[in-house]
Amino acid sequence: MGAGQTCPRFNMAVLQGKSLRKTFPGVVALDDVDIQLSSGRVHALVGANGAGKSTLVKILTGYYEHYEGQVFIDGRPVSLRSPMNAFSNGIEVVHQEVDIELVPSLTVAENLYLEAFATGHSGTVVRSRQLRKKASEDLARIGFPLPVDAKVDELPLHEKQRLVIARALLRNVKFLILDEPTASLSLLEADKLFDLVEDLKNRDVGILYISQRLDEVARVADEVTVLRNGKVVAHFDFVPQLEEIVEAMLDSPQEELFPKKEKRDFGDVVLKVEGLKWRNRVKGVDFSVRRGEILAITGLTGAGKTETLKLIFGALKPDSGEVFLEGRKLKIREPFDAIKMGIYLTPEERRKEGLILDKPARENISLPFLKKLSRSLGVISKTQEVQYAKRSAEKVRLTPMDVERQAQYFSGGNQQKIVVGRWLSGNPKVLLMDEPTQGVDIGAKREIYQLITEIARNSAVVIATSEINEAVGIGDRILVMRDGKVVYEVDRSEANTQELLSYAAGVKS
Amino acid sequence: MKTGVREQMANFLLKYGVITALLILVVLFSLTTEAFFTVDNLFDILRAVSILTIVAIGVTFSVVVNGIDVSVGAVTGLAVILSTALMVIWQFPWYWAVVICLLAGAVIGLLNSFLILKLRIPDLLATLGTLYLVQGLQMWITKGDAVYKGMTNPWSPTREIAKGFVPKSFLMLGQGYVLRFGNFRGVPVPVLVMLIVALVAWFLLEYTRFGRAFYAVGGNAEAARLAGIPVKRYRTMAYVISALLATLGGLVLASRIGSGAVKAGDPYLLDAVASTYFGFAVLGVRRPNVWGTVLGAIFVGVMLNGLTMLNVPWYIQDVVKGLVLISALGVSFAIRKESR
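Chains as they are written, first to last, in the working numbering: chain A, -2 to 506; chain B, 230 to 569.
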C-alpha cells in the first residue's frame, strides 16, 4: 500500500488505517490490519463470516473507544473513538440494515435533517414548508433526486439506501462505507446501487465496499483486500481473477475438528422437499435426505438457508411447495405439527428463538415433551422430568452438569447443547440444525460435531451453515444456496471448498 | 464491602418488601384500633379483599403470558349489572343468570384475544377498547339505571315495576357463611371462593404442563412456539380465564351488595393490576405468581381498610394508593431489569 500520495485534485483525500488491532477477551478480532481508502476509488473488503470485516468497520466509524493502531487522513493522525469523531472527519456508513438509520414514520425531508433536529440547529419550531423547500433545493444542488414528501416506510429498500447516502452527501462525506449493501436487494435494485456507486466515485467519495458476493466485487471495485481470521491475507491494486480471491478467503480446513467419517449405508429417503417457495427469499428448493445421512446446506448469509429450514418446520408458511416424510405428504401449519411427526429444529438464534433464558436447563429441555412427562390432569411428574432432563444433559455432555441452572448462565456452546438435548430423547426422524456451531468455542464445536454424527445414525440430519469448511467437514452431501435457489450439489468425497465458495459467492453459477 | 451490604439490603427489600410492609401495617393498625387481631376480623379483611383477589388472579394470567388485561374492571361491572338485571328485570332463575354472565365473560375474553392475536392490536390498547365497549354495554342494559327490587323496568313502555328480585340462594355467594360452629361465625363464602380460585390457579400454574406452557409463552413466545407450544391457544386461554375470573368477581360483588350499582367494578381494575405487580416482588419469585398476587391483594385491601379505620380522609386515600402502585411497579421493573 502506498503512503500519502500527492493530491492532484482539490478535494482528494486519503484515509489510512495502520496496524489496526482489536482484541476481545480470548479472541483477536483484528490483527495488525492496514487499509487505505482514496477519493474516487472503490475498495472492496471481502472475507468469510468472522474474518473481521465488521470489527474493521466499527473501528473506522468510531464505535470502539479502545483499539490499537492509528488512522490517518491525508497523513494527519485522527482520533476515531466515538461516532461523532468519525462523523466530523467525514466518515459515514450505510449499514446492511439501512432501516436502523431512518425514522420510518417521518418524511424523506425530515429524515434528511434528523441530525439538525437532534442538535437543535433547526431551531425549536420545525416549519415543514421551509423544510421541504430546503430539502428539494439541497437535493437539486447535489443532483440527487428523491421524493421529499414520501414517508420513509413507503420507500423501497434501495430508495432508503439512496436517502441515507444523500444525507451523507449533504454532510460532505469523504469516505463512505457500504456494508453488504446488496444483501437484501433484488437484482434490479442492485443494478441501481451499482450506478449509484459509480456516481459517488465521480463525486470523489472514497468507498469501502464490503461484500461476500464476488461477482459484484468484480463489477464495482478498483482494489480488493481479503481478510481472514482478522488478518489481511491478500491485497490487490486491481481486481484479480476471482479464483484468486476465493483461494485467499478460504481457511485451511481443520480436519481434526470433525469426527472421522465411518462408512455408513444410508437408509430410505426420510425427508423430501419439493418446490418450496417463500416470498422472494426461497425460490423453489428441492432436495431429499436419507436416514443416516447428514445434508449440509451452505451459502452466504441471506441465501435462504434459514428460511428453508423454517419452512420445513412450519415456523414459516410456504407460498407453495411440498414436504414429504417417509413418502407421506405432510400438512404442517405450525412447529407443533412438525414436532408431532418427529421433525425437529434447532434455530439459529439460540437466545432469541431457542431458549427461555430465565428458566433452568431442565425446563428448557423438557418443554416439547411435557405431555409424556405428565400424569393425569397434566400434572408434571417432577421426578420423571428431572430424570429426563439429566439423561439428555448427559448425552450432550452439558457443562456444568447442572440442570437447575438458568439457561442464560451457560456458555454459548452449552446453550446449544441444551437446545440439541431437548430433541434427543424424542427420537428425531429429521433433525434440522441452523448454524449449530455459531458463537461456540472450539472445544464445544468438536463435541457438537460428535453429537451430530451420533444423532445421524438413526435420523436424517439437515444442517444449514455459512461456514464452508463446516459443510464439508460434517456433511455427507453438500448443497450450495444462492439467492433462494440451490445452485450446486456435491458429494462429500468430491467436494472442494474452492468450488463451493465460488458457487456461493456468485463466481460460478 | 459497602456495596455488598447495600446489595443485601436491596435484595432483602425486594424479597420480603411486601410481606414486611404488610406486617408493619397489621401491627400499626392493631395498635391504633381495637379488635384488629381477632379471627373474625381476619375473615372480615379476607372477605373485603376476596373480590379483588379473584379479579387480580385473572389479571395475573394475562401478565404471565406477557400481556395485560385492563378490561377486567368493566367486565366485573358488567357481571354485576347483567346478573341482577336478569334476575330483577327479566326474572331469570339465579343459576341461569350465573351461566349467562359466565358465557358473556368468555365471549369478552375471546374478543380480547381476537383483537390481540388476529388484529395484532397491542394488549393494553385492545383491552382498553374492550373496557369502553363493556362499560357502555353495562349502561345500556338498564339505560343507565341501577338495578334494585321494585325499580321501574327501563325497557317497559308503560314503565311497569320490575317484578323480579335477587333470591336468597344467590345472596349466599356474597353474604353467606359456611363451617359455622360454636362461637365461630364461620368462613365467609366469598373467602372460600377466593381460596378455591387461588388454589386451583396456583396448582395449574405451578404443577401442570399447562402452567409451564403459560410461563414459557410469557418468557419467550418465539422459543415456545419453536418448542411446539401452541402459543396462540395459550394466549387466548389467558384472556378467557382473565375475563371469566373478572365475571366471577362481579357475581360475588352483585351478591354481596344484593343489587346492581352502575360501574361498581371500576375500582377493581387498578387494584387488581397493582396486586399483580406487587406479586412479582413477593419472596423474590420475580415473575407473576398466584400467591404473590393474593398477598398483593391483601396488602392493598388492608391498606385501604386501615386508612379508613385511621380516619384518613377519602380524598387522600387515592394519593396513597397511587404512591403504593408506583412503588410496586418500580420494584417489579427494577427486578426485571436486573434479571436480564
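Ideal Cβ placement from N, Cα and C applies to all residues, glycine included.
Predicted model, so just to flag it, every value in this text is computed and none were measured.
Between the beta-carbon of residue 508(B) and that of residue 496(B) there is about 19 Å, and that puts the pair past the 8 Å contact cut.
Here residue 155(A) is buried, its C-beta having at least 16 other C-beta atoms within 10 Å.
Proximity to residue 48(A) across 398(A), 493(A) and 224(A) peaks at 224(A), based on C-alpha coordinates. Cβ neighbours of residue 401(B) within its own chain (closer than 8 Å, five residues either side excluded): 418 and 484. Your pair residue 332(A) and residue 423(A) does not check out as a contact, with CB atoms roughly 13 Å apart and the cut at 8 Å. The straight-line gap separating the alpha-carbon atoms of residue 479(A) and residue 328(A) is approximately 27 Å. Using a 10 angstroms sphere on the CB of residue 429(A), the tally of other CB atoms reaches 16 or more, which defines it as buried. The shortest CA-to-CA distance from residue 219(A) to any of 211(A), 227(A), 228(A) and 233(A) is the one to 233(A). With a threshold of 16 other beta carbon atoms within 10 Å, residue 519(B) meets it and is buried.
Taking a cut-off of 8 Å on C-beta distances, the stretch 291 to 302 of chain A touches the stretch 468 to 476 of chain A, as three or more cross pairs fall below it. With respect to residue 336(B), residue 403(B) sits apart: the two C-beta atoms are not nearer than 8 Å.
The beta-carbon of residue 517(B) is placed no less than 8 Å from the nearest beta-carbon of chain A.
The alpha carbon of residue 69(A) has as its nearest neighbour, out of 90(A), 289(A), 52(A) and 32(A), the alpha carbon of 32(A).
Across the structure, residue 442(A) and residue 393(A) are spaced so that their CA atoms are roughly 12 Å apart. Here residue 141(A) has 163 and 166 as same chain residues with Cβ atoms under 7 Å from its own Cβ, once five neighbours each way along the sequence are excluded. At a cut-off of 8 Å between beta-carbon atoms, residue 350(A) makes contact with chain B.
Interface flag for residue 452(B) against chain A is set, since a Cβ pair is found closer than 8 Å. When only Cα atoms are considered, residue 77(A) and residue 64(A) end up about 10 Å apart. Around the beta carbon of residue 407(B), fewer than 16 other beta carbons lie within 10 angstroms, which makes this residue exposed.
When C-beta atoms of the stretch 245 to 263 of chain A are compared with those of the stretch 436 to 455 of chain A, three or more pairs fall below 8 Å, so the two segments count as touching.
Sixteen is the threshold: when 16 or more other Cβ atoms of the shown chains lie within 10 Å of the Cβ of residue 360(B), as they do, the residue is buried. In this structure, residue 426(A) and residue 457(A) form a Cβ contact; the two beta carbons are roughly 7 Å apart against a cut-off of 8 Å. In summary, residue 500(B) is buried, with 16 or more beta-carbon neighbours lying within 10 Å of its beta-carbon over all protein chains present. When Cβ pairs closer than 8 Å are counted between the two stretches, the stretch 78 to 90 of chain A is seen to touch the stretch 48 to 59 of chain A, the count reaching three or more. When the beta-carbon positions are compared, residue 436(B) and residue 400(A) stay at least 8 Å from each other. Residue 501(A) is positioned such that its CB atom lies no closer than 8 Å to that of residue 483(A). The C-beta of residue 445(B) comes closer than 8 Å to at least one C-beta of chain A. Non-local C-beta neighbours of residue 272(B) in its own chain, meaning closer than 7 Å and more than five positions away in sequence, comprise 416, 417 and 420, ordered along the chain. Residue 311(A) holds the alpha-carbon nearest to the alpha-carbon of residue 273(A) among 311(A), 243(A) and 201(A). Residue contact with chain B for residue 318(A): absent (no Cβ-Cβ distance below 8 Å to any residue of chain B). In the DSSP assignment, residue 21(A) falls within the unbroken beta strand (DSSP E) covering 11 to 21. With respect to the 8 Å criterion, residue 433(A) and residue 405(A) are not classified as neighbours on the basis of their beta carbons.
Contact residues of the stretch 354 to 373 of chain A toward chain B are 354, 355, 356, 360, 361, 363, 364, 365, 366, 367, 368, 370 and 371 (C-beta to C-beta distance below 9 Å).
Close to residue 448(B), with beta-carbon spacing below 8 Å, are these residues of chain A in chain order: 353, 354, 355 and 356.
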